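**Student:** According to full-length UniProt numbering, the sequence shown is numbered sequentially starting from 1.
Below is a structure I'd like to ask you about.
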Amino acid sequence: MLRLRSRTDEVNGLPFSLIPHRVYDSIYDIDPAALKAAGITLLLADLDNTLAKYGQPEPDQPLRDWKDSLEAAGVELYLLSNSRKPTRASHFAQALGIPYQGHSGKPGTAGYFRAMERMGRKPEQTAMVGDQIFTDILGARRSGVKALMVEPIELAGNPGRYIRYAVEEPFRLLGRRNNRRTL
Numbered sequence: 001m002l003r004l005r006s007r008t009d010e011v012n013g014l015p016f017s018l019i020p021h022r023v024y025d026s027i028y029d030i031d032p033a034a035l036k037a038a039g040i041t042l043l044l045a046d047l048d049n050t051l052a053k054y055g056q057p058e059p060d061q062p063l064r065d066w067k068d069s070l071e072a073a074g075v076e077l078y079l080l081s082n083s084r085k086p087t088r089a090s091h092f093a094q095a096l097g098i099p100y101q102g103h104s105g106k107p108g109t110a111g112y113f114r115a116m117e118r119m120g121r122k123p124e125q126t127a128m129v130g131d132q133i134f135t136d137i138l139g140a141r142r143s144g145v146k147a148l149m150v151e152p153i154e155l156a157g158n159p160g161r162y163i164r165y166a167v168e169e170p171f172r173l174l175g176r177r178n179n180r181r182t183l
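Set out below in structure tokens:
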């Protein structure tokens with residue numbers, strides 16, 4: 001069986017890791033210049049609760065400005081969503097002016113590799129930002145890309161989200177310890 005490992009995972013002897021490389025309060029705390037300085041030129045991003053609230057139909061101005069700052073630093077933004085709603089990812093990405101992939105199958109690696117192939121990037125040039133350990137972070141780590149985690153924009157609504165985020169909290173805390181290191 002083929003197992004994808006990052007250098008950290010090989011050191012720990014694990015086939016994958018659930019610990020993000022970095023944890024931020026929101027996407028707006030991610031410095032585009034620091035990504036570029038670390039060799040990251042493609043930022044894959046989850047949609048719901050990462051870039052926007054669940055059900056938010058259009059990108060707001062702060063998100064548009066952040067996307068522009070990424071571009072100015074030489075980092076392309078790419079929407080990688082698991083949304084099952086037929087037009088959710090496509091509509092949002094088109095409104096933001098970025099490429100996208102819906103029904104990505106995270107934490108499976110195929111969606112990550114399709115996105116990198118489409119954009120002409122390698123794992124070492126790519127990072128993923130998301131709000132969930134068991135989809136976004138696990139998939140990123142298994143794909144060999146930098147795993148950047150943000151706190152969810154909003155927990156209101158589905159009671160299952162509270163439980164999921166509570167289970168993920170130890171991994172978030174361990175990821176925050178990585179914030180002292182260079183990306």
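Think of the CB as a built atom: it goes at the ideal place given N, C-alpha and C, for glycine as much as any other residue.
All values reported here derive from a predicted model rather than from experimental measurement.
Using a Cβ-Cβ cutoff of less than 6 Å, which residues in the same chain neighbour L35 once the five nearest sequence positions on both sides are dropped?
**Tutor:** Counting only Cβ-Cβ distances below 6 Å, and skipping sequence neighbours, we find V75.
**Student:** Using the Cα positions of G175 and T87, report the straight-line distance between them to the nearest angstrom.
**Tutor:** One C-alpha to the other measures close to 33 Å.
**Student:** Can you tell me whether L70 is buried or exposed? The criterion is at least 16 other CB atoms within 10 Å of its CB, across all chains shown.
**Tutor:** Classification of L70: buried, given that the 10 Å Cβ count is 16 or more.
**Student:** Does the Cβ of F16 have 16 or more other Cβ atoms within 10 Å, making it buried, or fewer, making it exposed?
**Tutor:** It is buried - the Cβ of F16 has at least 16 other Cβ atoms within 10 Å.
**Student:** For K146, which residues does DSSP report across the bridge?
**Tutor:** In DSSP, K146 forms a bridge with A127.
**Student:** So, helix, strand or coil for E58, using DSSP?
**Tutor:** Coil.
**Student:** In terms of DSSP beta bridges, what is D48 paired with?
**Tutor:** For D48, which the question treats as bridged, DSSP gives the partners A52.
**Student:** Can you tell me whether Y100 is buried or exposed, with buried defined as 16 or more other CB within 10 angstroms of its CB?
**Tutor:** Burial call: buried.
**Student:** Mapping the DSSP letters down to three states, classify Q94 as helix, strand or coil.
**Tutor:** Note: Q94 maps to helix in three-state DSSP.
**Student:** Can you give me the C-alpha to C-alpha distance between R5 and I19, rounded to a whole angstrom?
**Tutor:** Residue confidence for R5 is low, a pLDDT of 39 falling below 50, so the modelled location carries little weight; the figure read from the coordinates is stated next. In a straight line, the C-alpha of R5 is about 13 Å away from that of I19.
**Student:** In angstroms, rounded to a whole number, what distance separates the CA positions of A147 and D25?
**Tutor:** Whole-angstrom Cα-Cα distance: 14 Å.
**Student:** Buried or exposed: where does E124 fall if 16 or more other Cβ atoms within 10 Å of its Cβ makes it buried?
**Tutor:** The residue in question, E124, is exposed, as its Cβ has fewer than 16 Cβ neighbours within 10 Å.
**Student:** Do the stretch 49-64 and the stretch 126-140 meet, that is, are 3 or more Cβ pairs less than 8 Å apart?
**Tutor:** Segments in contact, yes.
**Student:** Just mark E117 as buried or exposed, buried being the case when its beta carbon has 16 or more other beta carbons within 10 Å.
**Tutor:** It counts as exposed.
**Student:** Contact check, L183 vs A45 under 8 Å by CB: the rounded distance?
**Tutor:** Actually they are not in contact, since the Cβ atoms of L183 and A45 sit about 16 Å apart, beyond 8 Å.
**Student:** Classify R180 as buried or exposed, calling it buried when 16 or more other Cβ atoms lie within 10 Å of its own Cβ.
**Tutor:** Looking at its Cβ environment, which holds fewer than 16 other Cβ atoms inside 10 Å, R180 is exposed.
**Student:** How about P107 and G144: do their beta carbons lie closer than 7 Å?
**Tutor:** Not a contact, by the Cβ cut-off of 7 Å.
**Student:** If you draw a straight line from the alpha carbon of L96 to that of D65, how long is it in whole angstroms?
**Tutor:** One C-alpha to the other measures close to 10 Å.
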